[in-house]
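Colleague: Chains as they are written, first to last, in the working numbering: chain A, 2 to 356; chain B, 127 to 384; chain C, 160 to 458; chain D, 3 to 405. Ideal Cβ positions, reconstructed from N, Cα and C, are used throughout, including at glycine. Quantities reported herein were computed from a predicted structural model and do not represent experimental measurements.
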Amino acid sequence: MSAPSGIYSKSYEDEIAIARTPIERLALIIGSILLLVFPLITPTYYSVVAIYIFIAIISSIGLNILTGFAGQVSLGHSALMAVGAYAAAVAARYAGLQFLPAIFIGGLAAACAGFVFGAPSLRIKGFYLAISTLLAHYIIFFIIHLPSVAPLLGVPHGFILPDVALGPFTISGTFRNLYFYYIALGLAVFSIITAHNLMRSRIGRAFVAIRDNENAAEVLGINVYRYKLLAFTISSFYAGLAGATYVYFVRVIIPGHFELRVTIEYIAIILLGGLGRIWGSILGSFIIIILSEGIRYITVTYLYVISPEVSAYVEAFKLVIYGAIIIVIILTEPYGVVALLRKVKQYFKLWPFRY
Amino acid sequence: MSGEYTLQVIDLNLSFGGVTAVQNLSFRVPSGQIYSIIGPNGAGKTSVLNCINGFYKPQRGRIIFNGREITDLSPHKRAQIGIARVFQGIEIYRSMSVIDNIMTGRHIKMNANPILCALFIGPAKHEEVRNRAIVEEIIDFLNLEKYRKFPAGALPIGIQKRVALGRALALEPELLLLDEPMSGMSIEEKEDMCRYIIDINEERGITIILVEHDMSVVKDLSHTVMVMDRGMKIAEGRPQEVFKDMRVVRAYVGESVA
Amino acid sequence: MATLDLITLTQILIAGALTGTLYAPLTLGFNIIYRSSRVVNFAQGELLLIGAYVAYTFTVLVASNLIIGLMLAIIATGLVGPLIERAVLRPLLARPVFAAILVTIGLGISLQGTSQLIWGVTPLAAPVSFPAEPIRIGPIILPSVSVYSALVSTILVSVLLLFYQKTKLGLSMRAAGEDQALAMALGVNVRTVIATAWTISAVSSTVAGVLLSGVFGFVSYYLLFVALRVYVAAIVGGLDSVGGAILGSILIGVGESIGGLLEPSVGPGFRDAFPLLLALIVMMIRPYGLLGTERIERI
Amino acid sequence: MKKVVALLVVVAILAIVAGVLVTQPLTTPAPRPAEKIYVGYAFCLTGPFAGPAEDGIKGIRDYIRIVNERGGVNGREIVLLIEDNEYKPETTIRIFTRWKEQYKLSAFVTCGTHVVAAIYQMVAEARIPYSDTSMAGPFADARKYPWYFPAPLGSYTDHYRAFLKWFKDKWAGPRAPRLAIVWETKAFAPLVKPGVESYAKDLGYEVMVEVVEIGSTSALEQMQRIKAYNADVVATMLPPAETALVLRTAREVGLKAEFVNFLYSIYWEPLVERLGPLAEGTYFGAPFVPWGYDVPGMKDLLEAHRRFHPDDRHTTQYVSGWISAMVLVEALRRAGDDLSGENVRRAWESITNFDTKGLTPPLGFTPMDHRSTTTIWIWKIEGGKFVRVAEVTLPRDDGYLGK
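Here you go:
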């Protein structure tokens with residue numbers, strides 16, 4: 002069903018390989034080359050947008066693991082990104098850690114926080130759980146703003162992170178964005194592969210089992226609470242990684258990076274892309290960021306030409322369109338763009354014979 | 127296998143608020159048997175299974191599995207020591223493929239940690255492949271080859287029930303709880319299911335507790351039948367004997383008659 | 160800090176409870192949509208904003224009489240609510256709940272833009288201005304807007320309860336609130352129920368918008384910040400209970416007051432944080448909210 | 003089939019969006035000939051300060067329009083790039099990166115103190131003078147932030163300091179005056195409060211501090227504490243809605259004290275109108291005149307307004323935009339033909355005693371100090387009008403630079 006006829010796997014190892022058909026392999030190679038060459042042949046602005054997309058992919062993969070796979074709704078994702086970002090920033094500033102160890106520390110710190118965020122999931126379910134994570138979000142921000150903590154973290158006007166250093170190489174100056182593109186790409190690929198592996202292993206299956214039916218999962222010997230906590234922890238690791246990478250990119254860490262609307266945006270990304278699919282996170286990040294960036298660009302470029310007096314109205318118009326497109330996509334395909342693409346794939350697989 | 131009885135239920139009492147679901151119930155399931163529980167709707171059959179599984183905490187009573195007291199054990203621990211369950215409703219994972227559904231049943235037999243899983247190297251990968259072979263064997267046993275990669279939710283009900291059975295088998299349990307495995311099936315599907323149940327019991331030596339409404343099935347399959355009514359045991363014995371008992375017939379008045 | 164005497168404490172608690180009634184209509188609006196269709200409406204804040212702007216339009220620009228203007232505003236939003244539902248949420252009936260959530264997010268963004276397109280970004284006059292002089296009961300000072308909002312909330316809830324108890328539609332709504340599938344099987348027209356829920360929600364959001372803008376004296380974008388508490392209030396009270404919405408709102412108000420009282424000793428921002436801690440504790444003890452009913456899962 | 007059609011529509015929309023995005027800069031060659039001057043305004047046209055910003059951008063645009071009509075700066079036309087930064091740092095970063103590539107920016111202007119915090123480093127690396135509508139003290143320290151020029155309207159801290167100095171000078175009470183600072187911890191106030199607080203203590207004030215967070219609906223406890231404290235002055239550092247809340251609650255608890263408010267929350271006619279009696283008698287410090295104030299510099303402004311927006315709202319924020327555009331144009335004029343960021347910055351720092359014909363006190367910058375002026379006018383709201391009650395000149399004291 003998933004592979005065209007004529008594709009045989011000689012062993013189970015073959016079957017679980019990532020690219021199985023020649024077409025898939027070709028696509029993988031061409032895609033990799035395109036991604037590697039992209040920043041070299043386009044203006045830096047596109048690399049910057051791409052970096053945002055990569056970071057969104059990392060973070061939304063985390064949210065998708067929690068919400069899409071394990072079925073636990075969270076409104077605390079941006080707070081976890083903040084925890085990761087602040088942990089990395091503190092590690093870099095006070096312990097002098099380099100980029101990779103620092104963002105790793107960020108991921109771990111967020112994972113620990115996520116473990117705590119998930120604690121209520123033993124008793125609280127569904128939207129109630131979402132609100133408990135929302136409360137956790139605000140409590141984290143309250144702590145960050147406490148007079149005894151705030152100066153240490155440079156809250157609220159932020160402190161500057163050191164340049165990204167990889168071993169003896171320091172990345173700064175003119176080509177900073179270019180190098181950072183590759184770093185973010187690498188981290189995004191790392192996240193995609195690890196998440197893909199996790200989700201096809203016993204852990205991913207346990208998550209889906211919990212999402213679909215907790216009782217059935219229990220009788221299969223899955224410790225539901227433990228796996229929910231694990232889902233929170235793993236999800237938060239990606240959130241922390243994304244948060245840390247993000248602040249390294251923008252150089253300054255301020256609480257304003259991680260407001261609630263960021264969480265909402267990530268929820269939109271995974272819902273739009275497709276819940277419970279790693280591809281959903283990738284496509285969703287791509288669409289949401291291109292959309293918000295593109296609509297801004299088009300409205301500003303073309304509407305200001307018509308009349309320079311319309312400033313605030315252009316912005317309002319932009320919001321209306323952005324919201325409307327999200328609505329239209331979901332009304333067209335409630336299961337997200339991934340489901341839509343699968344239908345198209347099926348359609349063309351059978352083409353020109355329809356039955 | 128320790129002892130003669132795989133499961134002993136002693137003086138079980140369960141109530142919700144003021145409503146009594148199970149009352150002073152004791153029974154023993156001999157090892158290697160198919161033990162059926164029958165009774166009219168609301169007799170408390172499923173509640174008993176839920177107590178054995180650990181979903182309901184009885185107010186009083188003990189449950190002993192293989193000589194070990196499990197009354198206070200959580201459901202997933204009970205699964206880990208060898209109690210599997212197929213639910214009355216179809217509770218397979220609809221979005222997963224048939225293979226993944228049954229692979230999920232192998233959960234307790236696998237133990238790679240998250241980091242190994244994320245990197246998909248070494249033990250994690252070997253484990254996946256090894257268990258996959260066992261799953262293929264179960265698929266083979268239940269004749270599910272055709273549907274291996276279909277999302278389970280898209281399959282006919284009869285096949286879905288078979289997948290659920292396969293998933294339970296993947297646990298390699300000692301005790302299998304089947305809650306109305308035949309409901310909603312055609313005659314042919316029922317016949318198939320009966321054969322699988324007998325094979326599971328005889329070839330794999332798995333003790334089975336069967337809750338079923340179809341009396342002909344119960345008669346044909348069971349070694350022992352227990353009859354419940356309003357939370358109490360009203361009869362127990364070999365199928366032929368039990369069905370002669372007048373109380374049983376009375377319990378079924380107005381219900382599907384044996 | 161001045162010594163905490165009984166009068167101050169009473170004052171704080173009463174004022175807090177009254178502030179809570181400011182949130183109550185909005186929480187109610189959120190709650191009703193959830194009850195009728197299990198949709199978590201992330202556009203509730205935007206409904207509030209639109210409601211306040213519409214009220215401004217009718218009271219300041221269209222009608223010279225305040226009461227007539229407010230009536231017109233309520234009618235207008237009461238029509239807009241179900242229209243929104245019809246346009247974007249109806250097609251998702253019986254589709255995944257998550258899709259509905261995303262649609263409400265998109266709806267919120269669009270409504271925000273629409274409000275800006277129509278009413279601009281300059282603060283507009285509040286539809287109703289409350290007297291700046293407080294109402295005094297002995298030594299206790301109560302902001303007039305809080306007192307009026309308590310009054311309005313009481314009326315709103317009474318009317319709603321009457322509607323629930325006495326009308327057939329109300330009965331259907333209660334039935335649908337308990338169990339949608341069952342209600343459908345019993346011949347309840349779920350579409351009508353959901354449309355009615357959106358009407359009620361839009362109207363009570365408008366009422367909330369009028370009251371809340373009265374606190375500041377003008378209508379603008381900031382009303383969205385206020386709306387965030389609603390989710391917490393709804394959860395504390397219990398999502399499936401009308402009484403819970405009111406109780407939750409009041410508790411959040413009282414929590415804010417107590418937090419404000421303790422702020423000098425705990426730290427800045429405790430006024431906002433304390434209700435959340437309170438909510439977390441409530442959820443730990445009663446995971447389905449104070450007045451919510453726990454659903455026993457059938458296995 | 004319907005699905006597929008709908009899908010195609012969506013794909014088409016996305017393709018157009020992506021297509022325009024990709025092709026646009028390629029069709030317009032990136033390095034443009036230098037006959038035009040490009041200045042980028044990433045402004046908060048949505049968000050909590052959208053109202054003032056919208057008026058401010060009109061003032062800026064009208065001034066630049068007039069300059070262009072009169073032949074531009076040194077014969078070059080100024081091109082204003084305006085986009086909405088949504089009051090968010092990340093949006094600003096994307097806008098800046100794009101402009102930087104598409105145009106040779108001579109200056110970059112944003113809106114929002116937290117935006118400055120997040121983006122300063124990036125703009126400084128691009129070596130482009132960076133200005134802003136905000137005037138937070140710490141960034142005015144040119145030793146630390148050499149590329150940043152706060153709005154040429156004093157600094158927030160100085161606005162409050164000038165008032166405190168003036169109030170202290172006329173204080174005749176038997177005890178030290180008591181100051182209550184009401185701030186929020188999430189937006190701009192944390193950058194203002196420490197400087198004001200330490201200055202007040204230096205002046206001999208007794209100080210207490212209260213917090214009213216953004217989004218509050220009640221400030222009863224705080225105002226009661228302030229009343230119990232017997233404060234003589236209340237300094238609010240809050241956005242408009244919270245300022246309104248505080249004024250109202252103060253009235254309700256019967257708090258009798260002088261209020262000195264944040265200029266962006268009060269120095270704007272629509273807000274004063276909305277607040278009505280609540281705003282009466284409150285103060286604020288601002289080194290620029292309101293709309294229609296009778297000074298020579300107002301003539302051009304009124305004229306421009308008459309021509310470009312005959313029916314439009316006339317506000318103080320328009321004036322502030324106009325003034326900041328004046329300073330910008332002056333810097334560009336002094337930069338001459340070399341419009342590189344370095345040179346524009348040098349030119350900007352060479353401005354001394356810039357005369358705005360009464361719109362502001364004389365403005366000036368030095369390489370060490372980017373505060374435009376430390377002469378602050380104290381304004382009082384009387385009868386819904388802004389009345390100038392005093393002029394206070396603070397010493398350009400290094401000790402307070404960056405606070």
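Are there 16 or more other CB atoms within 10 angstroms of the CB of His158/A, so buried, or fewer, so exposed?
Modeller: Classification of His158/A: buried, given that the 10 Å Cβ count is 16 or more.
Colleague: Grab the span of the beta strand (DSSP E) containing Ala210/B for me, first residue to last.
Modeller: Where Ala210/B is concerned, the enclosing beta strand (DSSP E) stretches over Ile209 to Val212.
Colleague: Kindly say whether Val213/D, judged by its beta-carbon, lies nearer than 8 Å to any beta-carbon of chain C.
Modeller: It does; some Cβ of chain C falls within 8 Å.
Colleague: Pick from Val297/D, Val274/D, Tyr295/D and Gly294/D: whose alpha carbon is nearest that of Phe286/D?
Modeller: Minimum Cα distance to Phe286/D is reached at Val274/D.
Colleague: Need the endpoints of the beta strand (DSSP E) that Gln339/C sits in, please.
Modeller: Element bounds for Gln339/C: not the beta strand (DSSP E) but the alpha helix (DSSP H), Gln339 to Ala344.
Colleague: List the residues of chain A whose Cβ lies closer than 9 Å to the Cβ of Leu439/C, in chain order.
Modeller: Within 9 Å Cβ-Cβ: Pro121, Ser133, Leu136, Ala137 and Ile140.
Colleague: Determine the DSSP secondary structure at Lys126/A, reduced to helix, strand or coil.
Modeller: Lys126/A falls in the coil class under three-state DSSP.
Colleague: Against Leu231/A, what residues of chain B qualify as contacts under a CB-to-CB distance less than 8 Å, listed in chain order?
Modeller: Going along chain B in sequence order, the residues near Leu231/A (Cβ under 8 Å) are Pro240.
Colleague: Should Gly337/A and Arg212/A be called a contact, given that it needs their Cβ atoms to be closer than 8 Å?
Modeller: Contact: no.
Colleague: Residue range of the beta strand (DSSP E) that Thr146/B falls in?
Modeller: Thr146/B -> beta strand (DSSP E) spans Val145 to Pro156.
Colleague: I need the straight-line Cα distance from Gly197/D to Met137/D, nearest angstrom please.
Modeller: Each residue's alpha carbon lies about 13 Å from the other.
Colleague: Should Ser149/A go down as buried or exposed, given a rule of 16 or more other Cβ atoms within 10 Å for buried?
Modeller: Label assigned to Ser149/A: exposed.
Colleague: Per the DSSP calculation, Glu208/D is bridged to which residue(s)?
Modeller: Paired residues: Arg180/D.
Colleague: What are the boundary residues of the alpha helix (DSSP H) that includes Asn139/B?
Modeller: Looking at the DSSP string, Asn139/B is not in any alpha helix (DSSP H); the run it does join, the beta strand (DSSP E), is Tyr131 to Phe142.
Colleague: Using the rule of at least 16 other Cβ atoms within 10 Å of the residue's Cβ for burial, across every protein chain shown, is Val145/B buried or exposed?
Modeller: When all chains shown are included, Val145/B counts as exposed.
Colleague: Considering only C-alpha positions, which residue in the set Ile277/C, Val306/C, Gln203/C and Ser223/C is nearest to Ala176/C?
Modeller: Cα-wise, what sits closest to Ala176/C is Val306/C.
Colleague: Would you mind reading off the limits of the alpha helix (DSSP H) that contains Ser269/C?
Modeller: It spans Val256 to Trp278 - the alpha helix (DSSP H) in which Ser269/C sits, taken as one unbroken run.
Colleague: How would you list, in chain order, the residues of chain D whose beta-carbon sits under 7 Å from the beta-carbon of Arg1/A?
Modeller: In this structure chain A extends from 2 to 356, so residue 1/A is not present and cannot be described.
Colleague: For Leu82/D and Ala214/C, what's the separation of their Cα atoms in angstroms?
Modeller: Rounded to the nearest angstrom, the two C-alpha atoms are 38 Å apart.
Colleague: Once the 5 residues before and after Pro31/D are set aside, which same chain residues still bring their CB inside 7 Å of it?
Modeller: A caution first: Pro31/D carries a pLDDT of 46, below 50, which makes its placement in the model unreliable, though a value can still be read off. Cβ within range, chain order: n/a, list empty.
Colleague: So does the region 261-271 of chain D actually touch the region 340-352 of chain D, counting three or more Cβ pairs closer than 8 Å?
Modeller: Touching, no, given that fewer than three Cβ pairs across the two stretches are closer than 8 Å.
Colleague: From this set, Ile104/A, Leu221/A, Gly69/A and Leu135/A, which residue's C-alpha is nearest Thr264/A's C-alpha?
Modeller: Per the Cα distances, Leu135/A.
Colleague: Using CA coordinates, which residue listed in Tyr249/A, Pro256/A and Leu179/A is at the minimum distance from His138/A?
Modeller: It is Pro256/A whose Cα lies nearest to the Cα of His138/A.
Colleague: With Leu406/C and Ile140/A assumed to form a contact (beta carbons below 8 Å), what rounded beta-carbon distance in angstroms separates them?
Modeller: Actually they do not touch by this definition, with Cβ atoms about 22 Å apart.
Colleague: Under 7 Å Cβ to Cβ from Leu140/B, same chain only, skipping five residues before and after it: list those, please.
Modeller: Ala147, Val148, Ser173, Cys177, Tyr182, Pro184 and Gln185, listed in sequence order.
Colleague: Under DSSP, the beta strand (DSSP E) around Ala392/D begins and ends at which residues?
Modeller: Ala392/D -> beta strand (DSSP E) spans Lys387 to Thr395.
Colleague: Determine the contact status of Thr234/A and Gly115/A, defining contact as a CB-CB distance below 8 Å.
Modeller: Contact flag set, yes.
Colleague: So, with DSSP's three-state summary, where would you put Ala166/A?
Modeller: It is a strand residue.
Colleague: Go through its chain and collect everything with a Cβ distance to Ile265/B's Cβ below 8 Å, but skip five positions before and after it.
Modeller: Only Val224, Ile225, Ile228, Glu271, Arg274 and Gly292 meet the Cβ criterion.
Colleague: Would Val117/D count as contacting chain C if we go by Cβ distances under 8 Å?
Modeller: For Val117/D, the answer is no, since every Cβ of chain C falls outside 8 Å of its Cβ.
Colleague: Excluding five sequence neighbours on each side, which residues of the same chain lie with their C-beta closer than 6 Å to the C-beta of Leu420/C?
Modeller: Excluding sequence neighbours, Leu420/C sits near Ile171.
Colleague: Straight-line CA distance for Thr132/B to Arg430/C?
Modeller: Approximately 60 Å, taken between the alpha carbons.
Colleague: For a contact defined as C-beta to C-beta under 9 Å, what are the partners of Ser269/C on chain A?
Modeller: What Ser269/C touches in chain A: Leu320, Val321, Ile322, Tyr323, Gly324, Ala325, Ile327 and Ile328.
Colleague: For Glu85/D, which of helix, strand or coil comes out of DSSP?
Modeller: In this structure, Glu85/D counts as strand in the three-state DSSP scheme.
Colleague: From this set, Gly265/C, Val256/C and Ala183/C, which residue's C-alpha is nearest Arg197/C's C-alpha?
Modeller: Closest by alpha carbon: Val256/C.
Colleague: Is the beta carbon of Cys113/D sitting closer than 8 Å to the one on Thr99/D?
Modeller: No. Outside cutoff.
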